[in-house]
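Here the structure comes first, spelled out in structure tokens, and everything after it is commentary.
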């Protein structure tokens, strides 16, 4: 049993030689401390018989630095706290728009949700189907597994997230990692990037003082959080701030000027396609329909809406109001409560405009475009953009894509939004000012100004593309030099050795040994030298046995799924088990180096085995009815 070990700095590998209970306990102790170990004939092991610690795979003749240096030059990994399909939040929408714009530039964007999302969110139904790998408008979304039911706390949760992200980044091999704020989401990803010697960009979407108060008056916890934000920003290759105010905050915290760029919200060139609906379908009988972005916490909002409609109608403008409710982040949310509706309708009844006040039903952000496009103008009181002091509101940029005139309150923090979207600013609380500007717009049908050219997403992403392009070129040049420099490298190689020839070429007379994963029924009973591979003997047999045919009976595994005989291979080449995929990648590398012939009984389906692409270049795919010549 394991009782003491050398310090971590000197620990290379622990080998257990027994299948006893004490060996199992020792293995578990090493696993919990993240020490590398190998167990012969071990039975009670937490994961697999070859445990890979956080520091990486430990193998003989394995150069991890060279192995990890190979990257997909145009691939960008986005690590976020929440993503589309599971939320319509500003963060999720912004991530998608940046990713979509980068895809239009020719990059490949993979969005990884934090490990455990969305299962660990409040109110999520545990047995609800979740797409683990899906693509939306060219942006690929990958869901990472979470911990078991036990609660996490302290260092355990970020440490687990770091392990999962390490495996994911090792498999998908991006050239750049972009991680979004705040530090709880960014810290594990930053650690993984440094361990894999990958550059990373820290994208900050809210101000460091989002807990309120100045830096000097904060509690100790808030100061520690600010210190962590600063630490991550200083370690990053670049920092992308959503607003100039956020940029100034980080400059004040000591982050260097050259590393901070502004990547503000932007406008889509073309909005999502939504059904076209007439105003009459909403119950509107007036000539003009005004959309109000209403916040439930706006105590005076109901009176302002009804008074505005009454003033416009008394002035001869035939107008009605469509009220859209939003939550604190500016996302179209659930319908206004009956109590709030009653208050608004009560005010409308006093002014005799009840028939001209309507409420939009609950909807998603994408389908909110149905209502935006149907309005003659949209009005944003400052209270409807309640988060604007902490993070730039996204909804005005979304509306701008539908070419709908906007009227935004004159809060100082919204001046950049007004300038970008070419909206009309009105004085908050000055009803006559808003009435005058609306009358002028509706009466004269003023030509709508397009958003500024610099406000479109395709231009907004320039700072991020400026970081990505040199990296992509660097990896391309390295690969080109490797391919074109064969002659120069050859001069440094030792004389040719027959050992470089795969051993399988020397044994056609006596027949090749077959080592198989899965049923392999034909080879199992017709080949005397057949060896059934398990996760326990996979590495040892491929590394030490006589090279022959390494066969994966994928068709058989699919056919026998559910009977329990091959349960350990059930998740082979699926996103849900990154550890198993990494183990097979390492096994394939061992087999290729030793001269095994790698074959898989197909047919292979990308949807059923998405991770097969990681080893497809070294495997021959044969159909089950083809003969495997041994």
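In our numbering, the protein residues as written are 2 to 631. Glycine included, C-beta positions come from ideal geometry on N, C-alpha and C.
query	result
Reduced DSSP category for residue 613 - H, G, I as helix; E, B as strand; rest coil	helix
Beta-carbon contacts of residue 102 that lie in its chain and below 6 Å, excluding the five residues immediately before and after	458, 459, 462
Cα-Cα separation between residue 161 and residue 522, rounded to whole angstroms	39 Å
Identity of the residues DSSP links to residue 114 by a beta bridge	81
Rounded straight-line distance, which links the Cα of residue 184 to that of residue 572	32 Å
Beta-carbon spacing of residue 283, residue 372 below 9 Å	yes
Rounded straight-line distance, which links the Cα of residue 189 to that of residue 54	In this prediction, residue 54 scores a pLDDT of 36, lower than 50, which makes its location untrustworthy; the coordinate-derived value is nonetheless stated afterwards. Their Cα atoms are separated by approximately 16 Å.
Assigned secondary structure, residue 136 (DSSP; H/G/I helix, E/B strand, else coil)	strand
Straight-line Cα distance separating residue 130 from residue 415	40 Å
Among 559, 239, 405, 551, the one whose alpha carbon lies nearest that of residue 204	239
Euclidean distance between Cα positions of residue 25 and residue 148	Confidence is the limiting factor: at residue 25 the pLDDT is only 42, short of 50, which leaves the residue's position unreliable, though a coordinate-based value still follows. Looking at the two C-alpha atoms, the distance is approximately 22 Å.
Burial state of residue 163, where buried means 16 or more other Cβ atoms lie within 10 Å	buried
Residue 166 beta carbon less than 9 Å from that of residue 200	no
Residue 76 burial status per 10 Å Cβ neighbour count (16 or more: buried)	buried
Separation of residue 223 from residue 452, as counted between CA atoms	38 Å
Separation of residue 600 from residue 620, as counted between CA atoms	5 Å
For residue 455, the three-state DSSP class (helix, strand or coil)	helix
Assigned secondary structure, residue 241 (DSSP; H/G/I helix, E/B strand, else coil)	strand
Beta bridge counterpart(s) of residue 262 as assigned by DSSP	241
Pairwise C-alpha distance: residue 326 and residue 320	20 Å
Residue 170 classed as buried or exposed, judged by whether at least 16 other C-beta atoms fall within 10 angstroms	buried
Distance between residue 145 and residue 121 (C-alpha atoms, nearest Å)	12 Å
Residue closest to residue 1, alpha-carbon to alpha-carbon, out of 558, 273, 289, 274	The question about residue 1 has no answer, for the chain in this structure spans 2 to 631.
Bridge partners - residue 181, DSSP secondary structure assignment	204
For residue 179 and residue 197, the rounded distance between their alpha carbons	14 Å
Exposed unless 16 or more other CB atoms sit within 10 angstroms - verdict on residue 564	exposed
Nearest-angstrom Cβ-Cβ length linking residue 177 and residue 140, presumed shorter than 8 Å	With a Cβ gap of about 15 Å, residue 177 and residue 140 do not count as contacting.
For residue 403 and residue 374, believed in contact at Cβ under 8 Å, the rounded distance	5 Å
Exposure of residue 48, with buried meaning 16 or more beta-carbon neighbours within 10 Å	Residue placement at residue 48 cannot be trusted, given a pLDDT of 33 that sits under 50; what the coordinates show is reported in the next sentence. Exposed, because fewer than 16 other Cβ atoms sit within 10 Å of the Cβ of residue 48.
Exposure of residue 587, with buried meaning 16 or more beta-carbon neighbours within 10 Å	buried
For residue 561, three-class secondary structure by DSSP	coil
Spatial distance of residue 624 from residue 175 (CA atoms)	33 Å
Presumed contact (8 Å Cβ cut-off) between residue 78 and residue 111, rounded CB distance	5 Å
Extent of the continuous beta strand (DSSP E) to which residue 517 belongs	515-518
Residue closest to residue 618, alpha-carbon to alpha-carbon, out of 581, 251, 593, 608	593
Rounded C-alpha distance that separates residue 304 from residue 436	14 Å
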